[in-house]
Amino acid sequence: MNNNEVVLRLDKGEIPAESERRQDHRIRYPKAERPTFLHEAKSFPVIDVSAHGVRYLGSGSPLPTPYTAMNGILRFRRGAQVNIEAMVLRVHKEEVVLHLHKREIPFAVLLDEQRYLHQHYPVWS
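All you need for this note's numbering is the position in the sequence shown, starting with 1, plus 5.
Following this line, the structure appears as structure tokens:
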């Protein structure tokens, strides 16, 4: 090892700093392609998704408070639907961030969404 290399060693059970943690890849959507989050007979446009998270616009409706349990259906524009059970992680302005703590969005669904966006919106994705 030369003097310019830095080695990071973690003891078992040690958690790396926020910037060093690997996070799920997020799929951002252009307005015309946004999925819909259906909750209590209301429909909300989804800004982005990951395997363990959903961010939606809750405008025009009372916003949930952080740590509230929510469930509903995530409906993608090309037909896939995923039942989700989540907890509200945070609320900022009209955006609500959900953490899917019981079941993640299937990888095949995410891959199909990403492929579609790359093909139809190469600059966007």
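The beta carbon of each residue, even a glycine, is placed where N, CA and C say it ideally should be. None of the values given here were measured: they were computed from a predicted structure.
Cβ-Cβ distances below 8 Å link Phe112 to Ala56 in the same chain, with the five nearest sequence neighbours on each side left out; the list follows chain order. The C-beta of Arg60 has 16 or more other C-beta atoms within 10 Å across all chains shown, which makes the residue buried. The Cβ-Cβ distance between Gln119 and Ile32 falls below 8 Å.
For Arg108 and His125, the gap between their C-alpha atoms comes out near 29 Å. Where Arg120 is concerned, there is no enclosing beta strand (DSSP E), although the alpha helix (DSSP H) around it starts and stops at Phe112 to His125. Take Glu100, set aside five residues on each side of it, and the residues of its chain with a beta-carbon closer than 8 Å to its own are Ile52, Arg60, Tyr61, Leu62 and Gly63, in chain order. From the listed residues Leu116, Thr73, Glu90 and Val128, the smallest Cα separation to Phe42 is found for Glu90.
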